[in-house]
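Here UniProt numbering is used: position 16 in the sequence shown is 16, and no number is missing along the way. Cβ coordinates follow ideal geometry from the N, Cα and C atoms, glycine included. Step one of this worksheet: look at the structure below.
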Amino acid sequence: MVVIAGTLQASPNPINQSTTGQNALNPNTLLIMGDSLSAAYGVQTENGWVSLLRNRLEDNGHDWTVVNASISGETTDGGLRRLPDLLSRHAPAIVIIELGGNDGLRGFQPSVIEQNLAQMIELTRDAGARPLLVGMQIPPNYGPRYTSMFAAIYPKLADSHDTGLVPFFLDGIYNQNGMMQEDGIHPSSQAQQKLLDNLWPALEPMLSDS
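Okay, here's the thing in structure tokens:
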């Protein structure tokens with residue numbers, strides 16, 4: 001099992017046409033496209049949920065390579081621009097899309113966020129991989145209209161594109177003592193296991209189906 005840190009760089013090259021529309025060339029490769037929540041911001045890398053995922057995969061007898069292309073501060077636009085090269089180079093069977101939180105915190109238009117995520121889902125499918133969408137919510141101080149529109153993006157996309165969905169990645173974390181760092185935005189080291197537990201029910205069935 002291999003976990004590759006999120007230092008991969010963008011490339012202007014499109015998806016290699018030899019992989020587009022075909023089955024993934026690396027059936028046991030899982031690609032994570034995320035932001036600081038998946039890049040272990042503020043915690044030791046080995047304590048981050050991605051490293052814990054590696055351990056759980058091994059403990060459950062799943063022989064998977066995990067490519068973590070997550071970058072702190074990443075937006076859906078940045079992820080969309082980086083995704084084609086990553087799909088071409090790694091040909092994953094599963095792509096976890098954990099993006100949108102930074103877009104929301106910056107007040108980006110929900111329609112733009114939705115469009116970017118939809119394109120990432122479509123690129124993933126075109127490359128022969130299966131997408132797993134990770135839902136996010138933003139603080140209520142952004143106003144009820146914007147926060148509700150933002151939260152609705154993920155179930156709407158999961159329904160319209162028939163993808164797996166983690167309803168809310170920070171469920172049972174954001175409002176619990178000791179589970180968030182002092183900035184109130186990033187999960188603490190103690191929360192990493194819960195992040196994995198929130199994601200696992202949606203991911204586990206995909207592992208045996210791939």
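- Query: From P27 to P92, what distance separates their C-alpha atoms?
  - Reply: Their Cα atoms are separated by approximately 6 Å.
- Task: Could you say if the stretch 166 to 184 and the stretch 119 to 126 meet the contact criterion of at least three C-beta pairs nearer than 8 Å?
- Result: The count of Cβ pairs closer than 8 Å, one atom from the stretch 166 to 184 and one from the stretch 119 to 126, stays below three, leaving the stretches out of contact.
- Query: Which one or two residues does DSSP pair with P131 in a beta bridge?
  - Reply: The beta-bridge partner set that DSSP reports for P131 consists of V95.
- Query: In this structure, does DSSP put G79 in helix, strand or coil?
  - Reply: Three-state result, G79: helix.
- Query: Taking the runs of the beta strand (DSSP E) that are 3 residues or longer, which of them lie wholly in the stretch 140 to 182?
  - Reply: Here the runs fully enclosed are 164 to 166.
- Message: Quick check on the burial criterion: 16 or more other C-beta atoms within 10 angstroms. Buried or exposed for A191?
- Response: Buried: at least 16 other Cβ atoms inside 10 Å.
- Identify, in the order they occur along the chain, each residue of the same chain with its Cβ nearer than 6 Å to the Cβ of A158, setting aside the five sequence neighbours on each side. Within the same chain, and ignoring the five residues on either side of A158 in sequence, the residues whose Cβ sits closer than 6 Å to its Cβ are L133, L165.
- Message: Just verifying my parser: in three-state terms, what is the DSSP assignment at L86?
- Response: Helix, per DSSP.
- Between which two residues does the beta strand (DSSP E) carrying Q33 extend? Sequence check: residue 33 is Met here, not Gln. It spans 29 to 34 - the beta strand (DSSP E) in which M33 sits, taken as one unbroken run.
- Leaving out five residues on either side along the sequence, give the residues of the same chain with a beta carbon under 7 Å from the beta carbon of D77. The residues N116, in chain order, have a CB closer than 7 Å to that of D77 in the same chain once the five nearest residues on each side in sequence are set aside.
- L86 versus H161 - alpha carbon distance: For L86 and H161, the distance between alpha carbons rounds to 21 Å.
- Close beta carbons around R106, own chain, < 8 Å, minus the five adjacent residues each side: In the same chain as R106, and ignoring 5 residues on each side of it, the C-beta atoms closer than 8 Å to its own belong to T75, in chain order.
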